[in-house]
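Position 76 of the sequence shown, counted from 1, bears residue number 79 in my numbering, the numbering being contiguous throughout. A short worksheet on the structure shown next.
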Amino acid sequence: MTLALSVLLAGYVYLSNRRSDVNRTFLFLICGALLWILANFMTDTSTEVFIIKFWSKVTIVGPIFIAYFFYRLSILFPRRKVEAKRLNIVIVIVTCILLAFVPTDLNIVSVYFLPDNIPAINPGALYIAFLIYFAVLLVIAFRNIFDGYKGYNPVEKQQAKSISLGLGISVLFGSLANLILPLLNHSEFVNYGPYFILIFIVFTSYAIIRLGMFNVKVIVTQLLVFVIWIFAFLRVLFDESLLDRSLDAGLFVVLVIFGVLIIRSVIKEINQREKIELLAADLQKANSRLTELDRQKSEFVSFATHQLRAPLTAMKGYASLILEGDMGKITSQTKDAVGRIFESTNTLTNIVDDYLNVTRIELGTMKYAFETIDFKTLVEDVIGELKPNIDKATKVKFLFGAENAGTDYRITADRDKLKQVIANLIDNSLKYTPSGSVGVSLSFNRAKHKFVFMLKDTGIGIAPETLPHLFNKFTRAGNANKTNIKGTGLGLFVAKEIIVAHHGTIRAESDGEGKGSTFIVELEPFAKA
Ligand code: ADP
Numbered sequence: 004m005t006l007a008l009s010v011l012l013a014g015y016v017y018l019s020n021r022r023s024d025v026n027r028t029f030l031f032l033i034c035g036a037l038l039w040i041l042a043n044f045m046t047d048t049s050t051e052v053f054i055i056k057f058w059s060k061v062t063i064v065g066p067i068f069i070a071y072f073f074y075r076l077s078i079l080f081p082r083r084k085v086e087a088k089r090l091n092i093v094i095v096i097v098t099c100i101l102l103a104f105v106p107t108d109l110n111i112v113s114v115y116f117l118p119d120n121i122p123a124i125n126p127g128a129l130y131i132a133f134l135i136y137f138a139v140l141l142v143i144a145f146r147n148i149f150d151g152y153k154g155y156n157p158v159e160k161q162q163a164k165s166i167s168l169g170l171g172i173s174v175l176f177g178s179l180a181n182l183i184l185p186l187l188n189h190s191e192f193v194n195y196g197p198y199f200i201l202i203f204i205v206f207t208s209y210a211i212i213r214l215g216m217f218n219v220k221v222i223v224t225q226l227l228v229f230v231i232w233i234f235a236f237l238r239v240l241f242d243e244s245l246l247d248r249s250l251d252a253g254l255f256v257v258l259v260i261f262g263v264l265i266i267r268s269v270i271k272e273i274n275q276r277e278k279i280e281l282l283a284a285d286l287q288k289a290n291s292r293l294t295e296l297d298r299q300k301s302e303f304v305s306f307a308t309h310q311l312r313a314p315l316t317a318m319k320g321y322a323s324l325i326l327e328g329d330m331g332k333i334t335s336q337t338k339d340a341v342g343r344i345f346e347s348t349n350t351l352t353n354i355v356d357d358y359l360n361v362t363r364i365e366l367g368t369m370k371y372a373f374e375t376i377d378f379k380t381l382v383e384d385v386i387g388e389l390k391p392n393i394d395k396a397t398k399v400k401f402l403f404g405a406e407n408a409g410t411d412y413r414i415t416a417d418r419d420k421l422k423q424v425i426a427n428l429i430d431n432s433l434k435y436t437p438s439g440s441v442g443v444s445l446s447f448n449r450a451k452h453k454f455v456f457m458l459k460d461t462g463i464g465i466a467p468e469t470l471p472h473l474f475n476k477f478t479r480a481g482n483a484n485k486t487n488i489k490g491t492g493l494g495l496f497v498a499k500e501i502i503v504a505h506h507g508t509i510r511a512e513s514d515g516e517g518k519g520s521t522f523i524v525e526l527e528p529f530a531k532a
């Protein structure tokens, strides 16, 4: 028996610092319960007085374990508490003294039989001391569990309740059947006692599992290994011949070694898994933080660009008043300078608008006001508004033609946004075509049942490697910089978003640099609901 205890103790020490303390402590609590059940079973099934007396003495070892480890558990659970070192030392010494006297007759004085051959005991002084020990430890543990109860979170509170309920039920019935009634010479319920401890274990496991502090896999593995060890050890004890005994002892040693290896590997695996889970959680945290930062950035840009718009509008307005002579006569030199101011302000307004649109898209706050409009009229309007730019590109021949579609060009669209897209496309073609032609055509594709806006220029073209990224944010081809340094690379990104919101498609084609480009927008005709 002493050997078995040393093995358990060694296992305990060995597994220290390896797995969460709660796990280990709980495991030993369960071992105590198992030992109790085993001892009771042996007492019950044995017939020889000597053996009954032996197992009756062993019976109190389990409860000592249970009391001691429950006390340990109460320090760690539901929340780790500062440990009273001195109290702990006293308790450990008392526990050792109790264990040391277990084999003596101070524990069980004698065994006798009740009618029907039910064994009964005459408890000794140690038995009484043990009862006091058990009760005192339970009170201390109980106090520990509820220490700081007010500061517990709801889960911890529930754990504390769950443990105390399980404890209450099992201590009440268990001690009644096993400790108090035997003292009053009623040992017939002794056999049921150990089963009450199961209630307590179930409640406590439930409490611990809820906090996720404890790993069922480790506990089950450890438990199985310990049970195998105990059985192997018992075989050694009960073997009759020396040969059997040495064979079983050898088997026992092998089982101990392999058991330790198995437990170690399971713990290692679980530690690694936990590490990975922690890393994943960290990653998720970082990710949500970045998403939040990104949102804040978009909001800031949106705010800043909004603030920029008002002064720019004022600058444009006054510049145009001066240019038109509303502020009195100006010299041609001044006119030239103010003309440049007007142009630059215009460019800046467009850039600000691009950024504003991009942030709206990113924040999901882009609003559309859909109405039924005529696509052809819209394109003609845009061309009219771009007249100054078309006239300025003297080396570019501008053409516009609309096929007679056999129907009007009615579509459902946000007029201003669609205008912005068409204007941007035509403007791009003018910008990126130093000389040659820019042709705009409108037609109806009967097979696809779509209106087709096609813009063909003979300009700088687009390299095949740029084409797939053309509609991404900030894409600017290398050749674009040479022709027009003012671009932002946002216009096509915004255009694509707007066209997609119109359930349409937009795409670009080009045979390569210097070979011109074609932009095609397809939109559904207006459909009566
Ligand atoms: P920006 O013109 O302000 O740079 P856009 O998003 O409107 O931004 O255009 C993105 C890029 O697409 C341009 O920088 C240019 O490289 C290319 N691109 C657009 N239109 C044309 C075109 N008609 N011909 C050649 N390249 C074009």
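The C-beta atom is built at its ideal place from N, Cα and C for all residues, glycine as well.
Distance cut-off 6 Å: residue i Cβ against heavy atoms of the ligand ADP
i    : result
A480 : yes
G439 : no
Y412 : no
G492 : yes
A483 : yes
G462 : yes
S432 : yes
S520 : yes
L351 : no
L495 : yes
Y371 : no
Y435 : yes
I523 : no
I509 : no
I465 : yes
Rounded C-alpha distance that separates residue i from residue j
i    : j    : result
T362 : H505 : 19 Å
I33  : Y71  : 12 Å
R510 : F522 : 6 Å
I425 : L281 : 51 Å
P528 : F454 : 7 Å
T46  : S208 : 28 Å
I166 : F68  : 17 Å
K478 : L458 : The sequence shown places Thr at residue 478, not Lys. Rounded to the nearest angstrom, the two C-alpha atoms are 20 Å apart.
V503 : S347 : 31 Å
K398 : G494 : 24 Å
T334 : L326 : 10 Å
V322 : P314 : Per the sequence shown, residue 322 should be read as Ala rather than Val. Straight-line Cα distance between these residues: approximately 12 Å.
R21  : E277 : Because R21 sits at a pLDDT of 42, beneath the cut-off of 50, its placement in the model cannot be relied upon, and the point is left open.
L102 : I94  : 12 Å
V259 : W232 : 7 Å
D357 : K489 : 13 Å
V142 : V158 : 23 Å
D514 : L428 : 18 Å
Helix, strand or coil at residue i according to DSSP, with G and I counted as helix
i    : result
D411 : coil
G442 : strand
G177 : helix
Y435 : coil
V388 : Reading off the sequence, residue 388 comes out as Glu, not Val. It is helical.
A210 : helix
T316 : helix
E512 : strand
I67  : helix
N156 : coil
M369 : coil
S335 : helix
M457 : strand
D377 : strand
L187 : coil
F145 : helix
A123 : strand
K84  : coil
E51  : coil
V10  : Confidence at V10 is low in this model, with a pLDDT of 48, below 50, so the placement of that residue should be treated as unreliable; the coordinate-derived value is given next. V10 falls in the helix class under three-state DSSP.
Assumed close pair residue i, residue j - CB separation to whole angstroms, cut-off 8 Å
i    : j    : result
A144 : Y74  : 5 Å
I135 : N125 : Wrong, their Cβ atoms sit about 18 Å apart, outside the cutoff.
C226 : L30  : At residue 226 the sequence reads Leu, which differs from the Cys that was named. Sure, about 7 Å apart at Cβ, within 8 Å.
S305 : L359 : 7 Å
F456 : V524 : 4 Å
K319 : T350 : K319 to T350, Cβ: 11 Å. No contact.
L381 : K422 : 6 Å
L76  : T107 : With a Cβ gap of about 29 Å, L76 and T107 do not count as contacting.
beta-carbon residue i near the ligand NAP non-hydrogen atom, thresh 6 Å
i    : result
S178 : Annotation note on the ligand NAP: not contained in the displayed structure, which lists the ligand ADP as its ligands.
Q: Flag this pair as touching only if the segment 426-436 and the segment 450-464 have three or more C-beta atom pairs under 8 Å; answer yes or no.
A: yes
Q.
Would you call the segment 83-90 in contact with the segment 56-64, where contact means no fewer than 3 C-beta pairs closer than 8 Å?
A. no
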